[in-house]
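A quick write-up on the structure given underneath.
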Amino acid sequence: MLPAHEFPTDKAAIELFRSQWRDTFEVKRDAEHVYQQVSKGTLPAGIEYWQPLFFSEPLPPLFSYFPANTLVVNTGSLETSAERFQADTLARFENRGVDPMRPLLPPEALWLRVDELFSELKRWPRLQLKTDHLPEKAANTNLGFQKLPDLAIQAQQKAPLDALRKFLESFSGPVIFSVESEGRREALGELLARIKIAPKRILRLDEAQDAGRYLMIGAAEHGFIDTQRNLALICESDLLGERVARRRQDSRRTINPDTLIRNLAELHIGQPVVHLEHGVGRYAGMTTLEAGGIKGEYLMLTYANDAKLYVPVSSLHLISRYAGGAEENAPLHKLGGDAWSRAGKKRRKSTRCAAELLDIYAQRAAKEDLPLSTTASITSYSATASRLKRRPIRHRRLTPY
């Protein structure tokens with residue numbers, strides 16, 4: 001839930017805002033000042049930080065809206081999260097509250113303090129979910145789940161998937177691999193093929209009936225072992241480390257998250273890859289280089305005319321798999337050439353055209369269609385056909401992108 005605009009903005013509320021602002025802050029004549037913008041009926045970005053000024057009474061806590069039979073469920077360390085949030089809001093107030101154009105209300109006017117939060121929580125039955133095994137106490141219940149062993153892929157080893165292979169050999173129940181998209185499903189399938197695992201694709205967990213290996217698209221980020229059903233769920237983060245954001249983008253472009261390289265183990269010698277700035281090359285292995293007195297690991301990519309590009313492992317997010325067809329038909333761009341930049345311009349132009357078409361279609365769909373009689377429709381069609389007969393047809397050559 002977001003608090004933005006969850007407050008009255010009628011004439012009376014704006015007048016109340018103006019009155020309470022004058023009691024709390026100084027009024028500036030600048031048209032960009034928050035007070036002046038709200039006075040004109042314009043709600044500036046971040047107006048929720050002045051939300052209390054639209055009400056005559058202090059804002060009630062969220063708990064006051066809970067029904068009497070509410071059960072509060074939380075995961076992780078609520079205490080740590082609450083203390084971190086309180087420290088962040090206080091730091092923001094101290095750092096930005098001095099701006100005369102956007103003075104801030106004190107944090108306690110907007111949020112509960114940590115002690116107030118837990119005082120409210122004591123009024124409700126509370127269920128805390130934890131991943132660690134709990135001590136045997138009356139208030140604790142250990143469910144039939146266990147953490148997975150360390151299955152992380154060791155890209156620098158000769159057998160990077162050895163830990164996973166040994167686990168699969170020792171586990172007698174069904175094992176389900178979960179990924180976040182179709183593209184990631186293909187990538188994980190290629191990885192598993194290296195240890196001769198061909199998982200069956202399923203849509204739901206309950207489709208895993210016998211002691212087989214399965215692959216599905218799901219939202220889980222971390223796996224587990226269900227000891228009661230003798231079932232194991234393994235997620236990408238369990239194999240490739242911390243979950244990579246589905247979208248990595250900067251001010252210039254966006255990478256398809258399905259083609260991102262998330263672990264060095266996904267690469268093999270000679271595989272075509274795409275560098276975000278230099279285009280399609282071939283992966284030629286890993287090497288150690290020294291730059292500025294600091295040694296580091298680099299990916300070596302080869303391009304046309306046997307040119308080489310060394311990419312630090314820290315920039316792995318700039319590399320994606322080639323998805324333009326069969327690997328043997330992948331092009332090899334010239335390092336430093338303009339072919340890749342020209343292709344990028346065409347792609348961006350195509351994207352703009354597609355966006356304009358979608359906007360046109362949306363406008364057409366939003367227009368209300370007026371009913372026409374059959375006679376009117378035939379007359380309109382006949383008139384249009386007559387004009388088209390008199391108008392010469394002009395042919396235009398279309399250049400594909």
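Numbering-wise (full-length UniProt numbering), the sequence shown opens with residue 1 and increments by one. Heads up, the beta-carbon is just placed ideally off N, CA and C, and yes, glycines get one too. Since the structure is predicted, the reported quantities are computational estimates derived from the model, not experimental observations.
> What are the uninterrupted segments assigned as alpha helix (DSSP H) that are 4 or more residues long and contained completely in the segment 149–215, given in chain order?
Replying inline: Scanning the segment 149–215 from its first residue to its last, the whole alpha helix (DSSP H) runs of 4-plus residues come out as 162–170, 182–193.
> How close, in whole Å, do the beta carbons of Val311 and Tyr298 come, if the pair is a contact with beta carbons under 8 Å?
Replying inline: 6 Å
>> According to DSSP, Phe224 sits in a beta bridge with which residue or residues?
In response: Leu233
>> Quick check: the Cα distance between Phe7 and Thr131, rounded to an integer number of angstroms?
In response: 39 Å
> Among all the DSSP beta bridges, which residues are the ones paired with Leu309?
Replying inline: Leu301
> Can you tell me whether DSSP reads Leu16 as helix, strand or coil?
Replying inline: helix
> Going by other Cβ atoms of all chains shown within 10 Å of its Cβ, with 16 needed for buried, is Asp238 buried or exposed?
Replying inline: Buried, since its Cβ has 16 or more Cβ neighbours within 10 Å.
> Does the beta-carbon distance from residue 402 to Gln51 come in below 9 Å?
Replying inline: With the chain represented from 1 up to 401, any question about residue 402 goes unanswered, as that position is not in the structure.
>> Buried or exposed, going by whether 16 or more other CB atoms sit within 10 Å of the CB of Ile107?
In response: Checking the sequence, you will find Pro at residue 107 rather than Ile. Flag for Pro107 reads buried.
> Taking Cβ positions, are Pro272 and Glu186 nearer each other than 9 Å?
Replying inline: no
> How is Ile269 classed by DSSP in three states: helix, strand or coil?
Replying inline: coil
> Over what stretch of residues does the beta strand (DSSP E) that includes residue 409 continue unbroken?
Replying inline: An answer regarding residue 409 cannot be provided, because it is not within the stretch 1 to 401 covered by the chain.
> Between the Cα of Asp23 and the Cα atoms of Leu233, Pro103, Ile176, Gly270, which residue gives the shortest distance?
Replying inline: Pro103
> Where does Asn329 sit, in a helix, a strand or coil, going by DSSP?
Replying inline: helix
>> Just to confirm before moving on: does the CB-CB distance between Phe224 and Phe145 stay below 9 Å?
In response: yes
> Run through DSSP, which three-state label would Val98 get?
Replying inline: coil
>> Can you look up Phe145 in the DSSP assignment and give me helix, strand or coil?
In response: strand
> Touching or not, the segment 85–101 and the segment 136–152, by the rule of three or more beta carbon pairs under 8 Å?
Replying inline: no
> beta strand (DSSP E) containing Val73: first to last residue?
Replying inline: Counting along the chain, Val73 sits inside the beta strand (DSSP E) bounded by residues 72–75.
>> Does Ser377 pass the burial test, meaning 16 or more other C-beta atoms within 10 Å, or should it be called exposed?
In response: In this predicted model, Ser377 has a pLDDT of only 45, less than 50, meaning its place in the structure is not dependable enough to derive any value.
>> Only counting the same chain, and skipping five residues up and downstream in sequence, which positions put a Cβ closer than 6 Å to that of Arg126?
In response: Val72
>> DSSP has Gly296 in a bridge; who is on the other side?
In response: Looking at the DSSP assignment, Gly296 forms a beta bridge with Leu289.
>> Quick check: the Cα distance between Leu215 and Arg18, rounded to an integer number of angstroms?
In response: 59 Å
> How many Å lie between Glu15 and Arg113 at the Cα?
Replying inline: 29 Å
> Per DSSP, which one or two residues make a beta bridge with Pro47?
Replying inline: Going by the sequence as given, residue 47 is Ile instead of Pro. In DSSP, Ile47 forms no bridge with anything.
> By Cβ distance, which residues of its chain are closer than 6 Å to Ile195, with the 5 residues on each side in sequence left out?
Replying inline: Leu161, Arg165
> Do you know offhand how far Arg29's Cα is from Asp99's?
Replying inline: 15 Å
> Looking only at its own chain, which residues have a Cβ that is under 6 Å from the Cβ of Ala13, when we skip the five neighbours before and after it?
Replying inline: Phe54
> Got a sec? Which residues, its chain only, sit under 6 Å from Gly173 by beta carbon, not counting five neighbours each side?
Replying inline: Ala211, Asn230, Leu231
> Would the beta-carbon of Thr75 fall within 9 Å of that of Gln154?
Replying inline: Cβ distance not < 9 Å, so Thr75 and Gln154 don't count as in contact.
> Under the rule that 16 or more other beta-carbon atoms within 10 Å means buried, what is Arg335, buried or exposed?
Replying inline: A quick correction: the sequence has Leu, not Arg, at residue 335. So Leu335 ends up on the buried side.
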